[in-house]
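A.B. asks:
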Amino acid sequence: MPKIVDHEKQRKMIAEATWRVIMRDGLEKATVRNIAKETRISVGSLRHYFASQSELLAFSMQLVSERVKERMSALPFSGPPLEAVKRFLCELLPLTDETRKEMEVWLAFTQKALWDKELQPLSKQVYEELRSGIRLLLEALIRLGAVNPNVPIEMETERLYALIDGLAMHGIMQPHQLSSQEIEAVIDYHLRSIFYET
723 MPKIVDHEKQ RKMIAEATWR VIMRDGLEKA TVRNIAKETR ISVGSLRHYF ASQSELLAFS
783 MQLVSERVKE RMSALPFSGP PLEAVKRFLC ELLPLTDETR KEMEVWLAFT QKALWDKELQ
843 PLSKQVYEEL RSGIRLLLEA LIRLGAVNPN VPIEMETERL YALIDGLAMH GIMQPHQLSS
903 QEIEAVIDYH LRSIFYET
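And the structure:
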């Protein structure tokens, strides 16, 4: 009887192997051959699931994005609004082993997307989703009466977006200079500048 293979499960397993190769050896070593070796399947079998390295990398990055969204959607929006918002934003920062690995892979992908035209649409899409999510969050907080309604939404969206991006980069590139606690403290300090007193 032929073995039944779950196509999507196999693609996710290959994507996770891609993450391991990138984290261990760097993006330049994330070749189809090396990833096939990591997954213990043939290059031909891997090409059955992904026609090119760019397609494989794009799927790997979509999987990172999906996992972050799943975690964020599972978080309760309860308690003081400031604390709830901090919980959401911290999922975008390298504060745990899981989020650190995701961020390392994401930064490697972002670098490649600078010159790989096949990856640029996904990179742009994810960044636009993040920016849009921050704006919607701020608008909701103003409606709840938690944030000063005089805060300029466009400017604050860009400022908070840049802060998250910068903290993520510093957390990965300079972890000895910026601890998880310090990253959280910066987020807290910034949020308190736009929240009403809690």
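Under my numbering, think of the first position of the sequence shown as 723, with each following residue one higher.
Quick reminder that beta carbons are idealized off the backbone N, C-alpha and C, glycines included.
Being a predicted model, the structure only gives us computed values, none of them experimental.
Would you mind giving the Cβ-Cβ distance between L913 and L815, rounded to the nearest angstrom? I have them listed as a contact below 8 Å.
C.D. replies: The sequence position of residue 913 within the sequence shown is 191, counting from 1. The sequence position of residue 815 within the sequence shown is 93, counting from 1. Not confirmed; about 13 Å, so no contact.
A.B. asks: For the ligand PLP, any of its heavy atoms closer than 7 Å to the Cβ of T879?
C.D. replies: Ligands are entirely absent from the displayed structure, and the ligand PLP is therefore not among its contents.
A.B. asks: Which same chain residues, not among the five before or five after R793, have their C-beta less than 7 Å away from its C-beta?
C.D. replies: Here residue 793 refers to the residue found at position 71 of the sequence shown. Result list for R793: E813, in chain order.
A.B. asks: For the alpha helix (DSSP H) that contains S931, what are its first and last residues?
C.D. replies: Here the chain covers residues 723 to 920 and nothing more, so residue 931 does not appear.
A.B. asks: Report yes if the CB atom of T761 is closer than 8 Å to the CB atom of A752, and no otherwise.
C.D. replies: If you number the sequence shown from 1, residue 761 lands on position 39. If you number the sequence shown from 1, residue 752 lands on position 30. Against a cut-off of 8 Å, the Cβ pair of A752 and T761 comes out as no contact.
A.B. asks: Hey, quick one: how far does the alpha helix (DSSP H) through P843 stretch, first residue to last?
C.D. replies: Within the sequence shown, numbered from 1, the residue matching residue 843 stands at position 121. Per DSSP, P843 belongs to the alpha helix (DSSP H) from 842 to 866.
A.B. asks: Buried or exposed for Y771, going by 16 or more other Cβ atoms inside 10 Å?
C.D. replies: Locating residue 771 in the sequence shown gives position 49, counting from the first residue. Under this definition Y771 is a buried residue.
A.B. asks: Along the chain, where does the alpha helix (DSSP H) that runs through W828 open and close?
C.D. replies: Locating residue 828 in the sequence shown gives position 106, where the first residue counts as 1. That run of the alpha helix (DSSP H) goes 819 to 835.
A.B. asks: Compute the Euclidean distance between the alpha carbons of R755 and D819, then round it to the nearest angstrom.
C.D. replies: For the purposes of this step, residue 755 is taken as residue 33 along the sequence shown, with counting starting at 1. For the purposes of this step, residue 819 is taken as residue 97 along the sequence shown, with counting starting at 1. Cα-Cα distance, rounded: 27 Å.
A.B. asks: Report the residue from R789, E750, I736, V790 whose alpha carbon sits nearest the alpha carbon of V765.
C.D. replies: Within the sequence shown, the letter at position 43 stands for residue 765. It is I736 whose Cα lies nearest to the Cα of V765.
A.B. asks: Taking 8 Å as the threshold (C-beta atoms), are P803 and L885 in contact?
C.D. replies: Looking up residue 885 in the sequence shown gives position 163. Looking up residue 803 in the sequence shown gives position 81. Cβ atoms of L885 and P803: not closer than 8 Å.
A.B. asks: Using only CA atoms, which one of I894, R881, L797 lies nearest to S915?
C.D. replies: In the sequence shown, residue 915 corresponds to position 193, counting from 1. That would be R881, whose Cα lies nearest to the Cα of S915.
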